[in-house]
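What follows is one structure encoded as structure tokens, with my remarks underneath.
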Amino acid sequence: MTTLLYAMLCLSAVVCVAATVVRAVGYARAPMHLRWELYPVPHEASDRAAHGGSYFEDSNWWTKPPHFNLRGELTAMFTEMLFLKALREFNLRLWWRSFPFHVGLYLLITTVALLLGTAVATVFVPAWMTGWLGRVVYQVCRATGVGGLVLAMVGAAGLVHRRLTDSDLRMYSTPGDIFNLVAFLVALGVVAAGYAFRPAGSPGALGIVIGLLTWDTTIRVPGLLAAGLLLSALLAAYVPFTHMSHFVGKYFTYHAVRWDDRVNRRGGTIERTLAEYLTYRPTWSAPHVTADGSRSWADIATTNPTKGTKR
Amino acid sequence: MSRKTRIDLSDMSRRDGEPIGHVDLQDLMPLPAPLDDPARERPWTPLNPQARARYECILDDTCAVSVPKPATKEEETELVRQFLSGLDKLFTRENNWTFLQPLLLSMEHCARCQTCADACHIYEASGRNEIYRPTYRSEIMRRLYFKCVKHGGMISAWQHGDVDVNWPMVARLIELAYRCNLCRRCAQTCPIGVDNGLIAHELRKLFSQEMGIAAKEIHDTGSMLQLKVGSSTGMSAEVVKDNIQFIDEETSERTGITVETPWDVEGAEVLLIHNAGEILAWPENPGAFALILNAAGISWTLSSELAGYDSINYGLWYDDAQFARVAIKHAEAAKKLKVGKIVLGECGHAHKALSVIADRVLTGELNIPRESSMTLLRDIVASGRLKLDPSRNDFPVTLHDPCNMVRLMGVVEPQREIIRAICPKFREMEPHGVDNYCCGGGSGFAIMSGHNFPDWRFHVSGRKKLEQVLNAFGDCLDPSIPKYLCAPCSNCKGQFRDMLAYYDLWEKNRILYGGLVELIVNAMSEVKPGFIEWEWH
Ligand code: SF4
Ligand code: SF4
């Protein structure tokens with residue numbers, strides 16, 4: 000039984016990471032698109048970013064050195080990631096539910112990372128973990144774990160409730176959307192219950208992680224906790240296949256679309272990339288496009304459909 | 000009585016041949032004074048029965064694209080086949096490298112949280128009519144993507160939702176793609192970065208590039224006419240030169256300063272490209288530009304090359320091929336004259352088209368620097384080269400932010416710096432800058448006036464902006480006080496012209512609209528007073 004649990008935990012982690020990477024690589028490999036930025040762009044000079052301005056506000060802007068306000072971009076990124084700034088600003092009622100849910104998940108991810116780190120340290124440098132450091136880490140893990148479970152469950156319950164009771168949200172929610180939130184609620188609920196009601200003497204979270212790391216199949220994980228861990232692992236593997244993987248998408252929608260104001264300079268890399276795209280042969284069927292599968296974008300763009308086509 | 004009923008996504012595929020959406024006047028967002036008076040509410044002309052019989056007008060109370068009804072079942076089937084073939088192409092690298100990445104991201108990550116809905120002026124002004132919700136259109140598209148492009152089965156339908164693919168759905172989707180101003184205000188508020196404006200844009204592309212279906216004002220008499228004769232106004236180079244000569248004479252007479260517009264000057268520093276609509280509808284604008292540039296000693300020229308004298312690029316709204324062709328024509332005109340830079344006149348979409356979007360179309364020698372006239376004018380005003388007397392503009396002025404120039408390009412402050420310097424009674428609309436609302440004429444609507452579409456434009460898409468304008472002038476609505484609504488964009492001016500007239504706001508409340516350069520010339524001490532004539536035009 001323990002072996003099966005370990006195997007499922009490992010397999011789910013692999014699937015989760017692999018599917019996330021495949022998704023991210025897919026977006027990263029998509030062709031560079033035409034510019035489509037949306038202001039404010041936070042890496043603009045801070046005086047301009049404040050009102051949403053761009054370098055186009057300077058005359059002869061192409062003669063000025065390029066400017067990248069890294070601090071502005073990082074601030075915008077982290078306030079969005081950590082505090083869900085846009086949701087707070089534009090949809091406060093949902094933010095009250097979504098924010099605890101996300102913070103809960105961040106705390107749970109932190110807990111898993113801490114447990115893994117602690118387990119590695121316990122196995123390889125046990126002396127570190129026997130003293131005060133071990134006690135501190137234990138308390139931190141407990142706090143992040145319990146806090147994460149509570150917040151994520153409260154948030155998920157709030158989100159399910161809102162999806163079912165708000166007529167706008169209900170109309171656009173698919174069965175899958177409801178299932179996803181309920182799945183979080185159930186998986187985390189079972190973990191919480193399994194942890195809270197585990198029999199005395201049974202392994203705790205760290206014990207299980209150490210057991211997994213050393214593949215110690217003699218450990219007896221209580222049934223309810225094992226079920227919770229299993230459900231959570233399956234959920235983690237499932238998330239990258241759904242729109243809940245927006246943690247990946249969001250990186251690209253912000254960095255590669257909304258904030259992508261890179262200038263195409265003569266002889267630069269953008270121009271070289273475009274040169275390749277202009278050789279693509281589209282097959283659009285409307286006659287005015289004059290695409291027949293053999294003509295390139297360069298041919299099409301230099302064809303005047305009102306003056307006869309250059310075939 | 001309001002006939003507002005809850006519309007569902009599945010209604011898109013209804014086969015009853017009836018519109019699925021309806022807006023009653025009493026459903027609309029209320030307007031402030033003086034349009035809070037029901038007596039000043041304009042009735043909505045019903046779509047005429049012939050139009051309903053001939054065209055696929057089955058979305059709502061109006062019709063923008065006028066797709067003829069297919070005569071046979073086979074024709075319907077063929078149209079659906081074409082649609083699905085175009086849908087596939089939207090998601091391939093060869094056909095849509097131009098927008099594939101943002102489109103995929105918008106297809107795959109919507110959390111269906113509806114945060115974007117409150118940002119959309121069309122949705123809000125319509126009284127939150129379901130079909131105008133930003134995600135209504137996007138959700139249909141998303142379901143189509145998972146079902147027909149990704150070939151998802153039952154599990155996919157359970158996860159992403161299902162849609163019935165039939166001709167009525169496609170026909171409604173064509174119209175629905177033209178109920179969005181592409182202002183992208185919704186995208187600005189989306190926590191994930193999903194872009195409903197982009198989805199409408201891509202749908203329009205699919206219909207145009209695969210099925211040859213587009214609003215005739217932006218295709219047949221828009222980009223096609225521009226590529227044929229040089230301008231979507233229909234003006235050839237000879238005609239445009241004649242008109243500009245006439246404008247020079249008029250401006251000279253009005254201002255007391257001789258104005259001459261230079262044509263085709265090789266090696267000029269600036270190639271100015273106007274939206275040619277200005278030349279016909281608002282000649283004082285190109286006249287004022289010429290006067291300012293001459294007075295400031297700028298080396299500049301107009302071009303008489305094909306499309307070189309008309310900055311419009313309607314392809315931006317519906318067709319990548321047409322977009323690229325016109326952008327290249329603009330750059331070729333500049334290259335031929337060996338100018339230092341292209342400066343775009345007061346036209347928002349031309350700003351974004353040539354400066355931003357075309358940045359990844361124009362390569363090599365065609366990659367000629369492009370600049371906004373807002374910055375050039377700001378520099379001229381700030382330099383002190385013109386003697387300006389702000390007291391000549393001693394009337395209330397507010398400023399409209401064209402979406403394409405502001406939210407989508409980041410040119411926010413230069414025009415404000417000018418106005419603050421020369422208009423002592425300037426007041427902002429709320430919200431403004433990158434948070435502005437579209438005038439309601441964006442994405443081609445300002446030039447689209449088939450059937451009763453103007454009623455929709457003024458009651459629905461322009462309503463939020465109208466509210467903003469009335470609020471900005473709320474303290475001075477009395478007709479004894481002339482007021483100036485500054486819109487540095489030809490397209491927005493077209494919308495304001497028609498909308499202010501529709502609600503009689505010039506006659507009854509003396510709200511005039513106009514461009515930015517007119518305010519500058521009006522404040523120039525050397526110019527005869529009264530360049531702004533306070534006449535409706
Ligand atoms: S587009 Fe964005 S804001 Fe709108 S429903 Fe989707 S995720 Fe929410
Ligand atoms: S782009 Fe503008 S008009 Fe279109 S849905 Fe978004 S907010 Fe509404």
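Heads up: the sequence lines are chains A and B, in that order. Taking numbering that gives the first Met the number 0, the leading residue of the first sequence gets 0, the next gets one more, and so forth. Taking numbering that gives the first Met the number 0, the leading residue of the second sequence gets 0, the next gets one more, and so forth. For every residue, glycine included, the Cβ atom is placed at its ideal position computed from N, Cα and C. Everything numeric in this text was worked out from a predicted model, so none of it was measured.
Distance cutoff 7 Å, beta carbons only. Does residue i sit that close to anything in chain C?
i      : result
L99(B) : Considering every chain present, this structure includes no chain C. Its protein chains are A and B.
Along the chain, where does the beta strand (DSSP E) containing residue i start, and where does it finish?
i       : result
C485(B) : K482 to C485
Y512(B) : I510 to G513
L271(B) : V269 to I272
T397(B) : V396 to L398
Using a Cβ-Cβ cut-off of 6 Å (strictly less than) and excluding sequence neighbours within five positions of residue i, which residues of its own chain qualify?
i       : result
N179(B) : Correcting the residue identity first, residue 179(B) is Cys in this sequence and not Asn. Result list for C179(B): A199, in chain order.
S137(B) : N195 and I198
W258(A) : V40
G51(A)  : Y38 and P39
Identify whether residue i lies in helix, strand or coil by the three-state DSSP scheme.
i       : result
L518(B) : helix
E129(B) : helix
P389(B) : helix
R415(B) : helix
V342(B) : strand
M523(B) : strand
P368(B) : coil
P67(B)  : strand
R426(B) : strand
Y122(B) : helix
Y171(A) : helix
R294(A) : coil
L469(B) : helix
Which residues in chain B sit within 7 Å of residue i, going by Cβ to Cβ distance?
i       : result
W61(A)  : P368
I299(A) : A320
S172(A) : R111
Just reading off the alpha helix (DSSP H) that residue i is part of, what are its end residues?
i       : result
R111(B) : Counting along the chain, R111(B) falls outside any alpha helix (DSSP H), and DSSP gives it neither H nor E.
L205(B) : N195 to M210
I207(A) : A204 to T213
L69(A)  : L69 to F82
V148(B) : Element bounds for V148(B): n/a, residue is neither H nor E.
T19(A)  : T1 to R28
T254(B) : A236 to T254
V119(A) : L91 to F123
Ordered along the chain, which non-local residues of its own chain (more than five positions away) have a Cβ less than 8 Å from that of residue i?
i       : result
H101(A) : L83 and G154
D161(B) : R142 and K146
Cα-Cα, which of the options is closest to residue i?
i       : options                               : result
L33(A)  : C112(B), G344(B), A320(B) and E17(B)  : A320(B)
D36(B)  : Y502(B), R509(B) and R406(B)          : Y502(B)
T272(A) : V148(B), T232(B), W96(B) and S155(B)  : W96(B)
N403(B) : L353(B), H348(B) and C62(B)           : H348(B)
P368(B) : P202(A), K63(A), V20(A) and A23(A)    : K63(A)
N461(B) : T300(B), N293(B), F394(B) and Y436(B) : For clarity, residue 461(B) is Gly in the given sequence; the question names Asn instead. The candidate whose alpha carbon is nearest that of G461(B) is Y436(B).
W262(B) : I154(B), L270(B) and I256(B)          : L270(B)
M282(A) : N94(B), L78(B) and S302(B)            : Before going on, a small fix: residue 282(A) reads as Thr here, not Met. For the residues N94(B), L78(B) and S302(B), the minimum Cα distance to T282(A) belongs to N94(B).
I519(B) : R359(B), L465(B), V459(B) and P285(B) : P285(B)
D434(B) : R419(B), V410(B), A420(B) and R203(B) : V410(B)
H536(B) : N521(B), M498(B) and S524(B)          : M498(B)
Got a sec? Which residues, its chain only, sit under 7 Å from residue i by beta carbon, not counting five neighbours each side?
i       : result
S11(A)  : A232, L233, A235 and A236
N508(B) : P33, L476 and P478
N293(B) : V258
R2(B)   : Annotation note: pLDDT 49 at R2(B) (below 50); position unreliable, coordinate value reported separately. Only H21 and D23 meet the Cβ criterion.
R310(A) : Only weak support exists for where R310(A) lies, its pLDDT of 36 falling under 50; the value from the coordinates is given anyway. No residues qualify anywhere along the chain.
F251(A) : Y26
A156(A) : L184
Can you name the residues of chain A whose CB is closer than 7 Å to the CB of residue i?
i       : result
I327(B) : A300 and T301
C112(B) : N90 and L93
Q467(B) : Those do not exist, as Q467(B) stays about 18 Å from chain A at its closest Cβ, beyond 7 Å.
R51(B)  : Neighbours of R51(B) on chain A: none; closest Cβ ~26 Å, over 7 Å.
In chain B, which residues lie with their C-beta within 9 Å of the C-beta of residue i?
i      : result
W95(A) : None at all; the shortest Cβ gap to chain B is about 13 Å.
Can you pull the chain A residues whose beta carbon is under 8 Å from the beta carbon of residue i, in chain order?
i       : result
C109(B) : H242
What residues from chain A crowd round residue i, counting only those whose CB sits closer than 9 Å?
i       : result
Q244(B) : The premise fails here: Q244(B) is roughly 27 Å from chain A at the closest Cβ pair, so nothing lies under 9 Å.
Find the residues of chain B that neighbour residue i, judging by a C-beta separation of less than 8 Å, and give them in chain order.
i       : result
T282(A) : K88, E93 and N94
Residue list, Cβ distance to ligand 3 heavy atoms smaller than 7 Å: Among the ligands modelled here, namely ligand 1 and ligand 2, ligand 3 does not occur.
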